Structure formats: C-alpha cells, structure tokens
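Numbering (my numbering), first residue to last: 3 to 342.
Encoded structure:
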C-alpha cells in the first residue's frame, strides 16, 4: 500500500521543491500538493519543480477543481508536468474549498465535477470535440494520468465509481463508513457499466503525528474544534458535546480557523475545549497521536482494502516537519516490520 503526504506550497517554490526531496527520502510514495491560489504558490508550477528534483514520488493535486480551472487548462498543465515525470502525475479533483471560497465563487456542482472528470479523460485520450460547438483537441495528449474524485458525501462517492479512475475517501477513521463508501463506488460503477475492480481507493486520513498524543491533539485543535458545528457527525459517533462552545474570536480567524495564518492563536483558542472532549473527537477523526498510533491506523486502512493512504496533515502555512521526520524514524519502520 502506498502512503502519500499533504504538503502546502505556502513557501517559495524552491523551498517547496527541497521539502519534496525530504519527503522522498523519508519514504513517502507521493505528495498531494494543496491547490488554493490565494493561500499557496501555483500548484502545477510547484509540481513541475518537484518533478525535476525527485525520482519516484507521485505528484498529486490535492485538490484541484473545475471552477478556478477549466478542464482544458487542468489537462494541459498536468500533461506538461507528466513530460518531466512520466507516469508520476495524478489528479485529484473536487468541488473546491478555499480556492473557490477566497475568490468569491460557488463550489462546483456534482454535474460540473462529472463533466470535468469525463472531459479530462477524453482530453488525455486525444479525442476531438470534447467541448460543445468547438472542433479541438489537446495537442499534448496520450498521457496516462489517473483522475480521482475527492469525495465529500454519498453523491460524489457514487460519482467516482461512475466516471473516475479512483476515489479519495473522506469521513474520518470509520471502518463502517469505509465499507459503505466502497459499496457506493461499486454501485456507481455498475450503474455505468464499469468494472469496479480496477478503481483505486485512497483514504483521506486526517493526521497529526507528535512524540506524544497530547501534543498531537493540541496541534490538531482547530480541526477537532470545528466538529462542534456538525451535530449529525457528533450524534453518529456517539459524542456528547452539550455545553461546549468556542470563542467568537476562533470563528473570526483569517481565512478560517482550519487554515488560520495566526496558527498559534488558533491553537490556543481551540484548546479552550475540555481535553477529554478533544480526545474523543480526535479518536474518530483520523490518526492523531504518536507514531505508534499512526502506524496502527495505517495498518488498519491497509487491512480494509485501501490501495493508498493520504496523510492529510494540518499545516497550511508551514511544512509538516514533524510528520515527515517521525514517519521516517518510526512509522515507516513499524509498517515495514509488520509487512516483512
């Protein structure tokens, strides 16, 4: 099973490239680069630079969308990076998050997402007349670039089975939810007359690795705290958060609490919640804890049949230094010991 890591290109492109080299040396199989033009460097420029410095890492958009980028633009950019690193480029496409929010644009509809994925696959295949009323084709076609959907709910999970090469499964550390997601993907594939066996499943595993669990829970605090707004999720996981509330200052952080530029303030404000509640939420969210905790959860994802795990780190305005260091020193050896 492959293990990928999320990296935000918040820093100058040469620095991001140097960090990509460190990720490769740490043993990761790929990097998912954040695509959010108001917060980070241009994702395809960053991927191209990383491609020129690495030899085996898969280079992935985590996550691009059809609103800020027309499918023809995505296809041309991805094919150009694949010129540099043949066979190492992947596209993860979703509805858009901060990339659309911070540009004042609506998120993509399921129909737009469907049309984008289908267009990308046709463009890479060199087909003509992909767009209505226009006689054209992608000049740099013929690239084998997998296109996966970053699923957010039942509709987009099913859609991945219908039109995509794979799916990025969200929802936290929830084996029952993973099984349901697989059923939805298979259902979508069958409805489109496709064989689901060839589809790739990657788990979007919210991850924060520190030497001890308490430090990890503090660093993941903003993401943990935001779960208070999702009453359905709390009920589903049997978490009683009655009486817990967050300061208004937390909600006013720019651009939002999860991606706050003032990260230390975000951590301090999120830590106002009772530790026991944060611990309970963290346990359901992902791999938030020690290297041993993380390795165990990756092993369980592998046992559940995932082809890859995406270590979805918490940092947007910093590199995931701790995760990369601890993965190399402790998580990867633990995984190798079991598989060996």
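For each residue, glycine too, the CB sits at the ideal point set by N, CA and C.
Just so you know, these numbers come straight off a predicted model, no measurement behind them.
Count Cβ pairs between the stretch 198-206 and the stretch 306-318 that sit closer than 8 Å; are there 3 or more? yes
Can you round the beta-carbon distance between residue 88 and residue 122 to whole angstroms, since I take them to be within the 8 Å contact cut? Here residue 88 is taken as the residue at index 86 of the chain shown, counted from 1. Here residue 122 is taken as the residue at index 120 of the chain shown, counted from 1. Not really, about 18 Å apart at Cβ, beyond 8 Å.
Which runs of the beta strand (DSSP E) spanning at least 3 residues fall entirely within the stretch 26-71, listed in chain order? 32-35 and 60-66
Under a Cβ-count criterion, where at least 16 other Cβ atoms within 10 Å of its own Cβ denotes burial, should residue 150 be classed as buried or exposed? Your numbering for residue 150 matches position 148 in the chain shown. By the 10 Å Cβ count, residue 150 comes out buried.
Nearest candidate by alpha-carbon position, reference residue 335, set 275, 50 and 297: Against the chain shown, residue 335 aligns to sequence position 333. The shortest Cα separation from residue 335 among 275, 50 and 297 belongs to 297.
Length of the line joining the Cα atoms of residue 143 and residue 46: The count along the chain shown starts at 1 and reaches residue 143 at position 141. The count along the chain shown starts at 1 and reaches residue 46 at position 44. About 17 Å.
Per DSSP, cross-strand counterpart(s) of residue 189: Walking along the chain shown from the start, residue 189 turns up at place 187. Answer by DSSP bridge pairing: none, since residue 189 is not bridged.
Beta-carbon spacing of residue 257, residue 274 below 8 Å: For the purposes of this step, residue 257 is taken as residue 255 along the chain shown, with counting starting at 1. For the purposes of this step, residue 274 is taken as residue 272 along the chain shown, with counting starting at 1. In this structure, residue 274 does not lie closer than 8 Å to residue 257 by Cβ.
Have a look at 108, 267, 333 and 102 and flag the residue whose alpha-carbon is nearest the alpha-carbon of residue 221. The sequence position of residue 221 within the chain shown is 219, counting from 1. Among 108, 267, 333 and 102, the Cα nearest to that of residue 221 belongs to 267.
According to DSSP, is residue 159 helix, strand or coil? Counting from 1 along the chain shown, the entry for residue 159 is found at position 157. DSSP places residue 159 in helix when its eight states are reduced to three.
Under 8 Å between the Cβ atoms of residue 239 and residue 318? As a working note, residue 239 is residue 237 in the chain shown. As a working note, residue 318 is residue 316 in the chain shown. No, Cβ-Cβ distance for residue 239 and residue 318 is not below 8 Å.
Grouping DSSP H, G and I as helix and E and B as strand, with all else coil, what is residue 179? In the chain shown, the residue the question calls residue 179 occupies position 177. Residue state, collapsed to three classes: helix.
Report yes if the C-beta distance between residue 212 and residue 324 is below 8 Å; otherwise report no. Position 210 of the chain shown, counting from 1, holds the residue named residue 212. Position 322 of the chain shown, counting from 1, holds the residue named residue 324. Result yes, Cβ atoms of residue 212 and residue 324 sit closer than 8 Å.
Can you look up residue 9 in the DSSP assignment and give me helix, strand or coil? Counted from its first residue, the chain shown places residue 9 at position 7. Residue 9 falls in the strand class under three-state DSSP.
Measuring CA to CA, which of 219, 218, 217 and 252 is closest to residue 231? Here residue 231 refers to the residue found at position 229 of the chain shown. Checking every option, the nearest Cα to that of residue 231 belongs to 252.
Closest to residue 10 by CA distance: which of 4, 63 and 56 is it? Stepping through the chain shown from its first residue, residue 10 is reached at position 8. Nearest C-alpha to residue 10: 63.
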